[in-house]
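Sequence positions in the sequence shown follow the numbering used here and run -19 to 178. All residues carry an ideal CB built from backbone N, CA and C; glycine is no exception. All of these numbers come straight from a predicted model, not from anything done at the bench. For reference, the structure discussed in these notes is given below.
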Amino acid sequence: MSRIELSESDLIGKGGRRLVYAYPDDPSRCIKVPKPGRHSDRQQQREIKFYQQLQKKPFPTDHITRYLGTVETNLGTGYIYDAIRDFDGRVSERFKELILNGHGQVSDYLRIMETIEDYLFDNLILFYDMGPSNILCRKNENGVLEPIITDGLGEVVAIPILNYFPSLRRRTIRRRWLRLIEYMNRKHDWMEAYRMRH
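Rendered as structure tokens:
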């Protein structure tokens, strides 16, 4: 496969450790390129290992992006994922931006939080960095927002014992989820309504 040339005009997103580019001639995909010197490769390898584990058993991918392989680019090795776009082809908005820009209702925010919580616990998905910056909200033709996790999945521990014991895995997920709830509760008044439901 020939090398893909990426330019500033292809840039559709920025993360803490990676830049996200539109895949040339295929709007259903995107290419994540690690930023130099930010331990980005370590994060990428964690994610690849996570997706390899998922491929070993049937798994619903309704609320995560799929990892689709690698490609060489003029900016280095790129990692191919599903691109998350609204029904009209626009790149979906991050949950964080949706909240800050007031582009949703409190009922939308609560439903997004509950959808992600149910998805993580029902499927025992470990995550190390979950937050509104790592969730895109895809809008369908009816204006309904569907949350998709794009980053922060997998495990950070050196010895992944949690992968083998469901009870430990669930406990870890709950601890990390509660940490996120506490963080968001300090930031957003509407989170009190979420806490009242749980």
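List the endpoints of the continuous beta strand (DSSP E) containing residue i.
i   : result
R70 : Per DSSP, R70 belongs to no beta strand (DSSP E) and is neither H nor E.
K15 : No beta strand (DSSP E) contains K15, which DSSP labels as neither H nor E.
A2  : R(-2) to A2
Any idea what DSSP makes of residue i, helix, strand or coil?
i      : result
Y61    : strand
K(-6)  : strand
E(-15) : coil
E97    : helix
T41    : coil
E52    : strand
E135   : coil
D5     : coil
Q35    : coil
Are the beta-carbon atoms belonging to residue i and residue j less than 8 Å from one another?
i     : j    : result
P112  : F75  : yes
V71   : G123 : no
I64   : L148 : no
L133  : F107 : yes
R(-2) : V13  : yes
I11   : T53  : yes
E27   : Y3   : no
P40   : N103 : yes
I128  : T45  : yes
W170  : V86  : yes
K29   : F67  : no
H178  : I96  : no
Per DSSP, which residues does residue i bridge with? Please list them.
i   : result
Y47 : Y61
Please list the terminal residues of the continuous alpha helix (DSSP H) segment that includes residue i.
i    : result
N165 : P146 to K167
Nearer than 7 Å: is that true of the beta carbon of residue i relative to any heavy atom of the ligand PLP?
i   : result
T41 : The ligand PLP is not among the ligands present in this structure, which contains no ligands whatsoever.
### Message
Quick check on the DSSP output: what are the complete beta strand (DSSP E) runs of length 3 or more inside the region 103 to 133, in order along the chain?
### Response
Restricting attention to beta strand (DSSP E) runs no shorter than 3 residues, the region 103 to 133 encloses them at 115 to 119 and 125 to 129, ordered along the chain.
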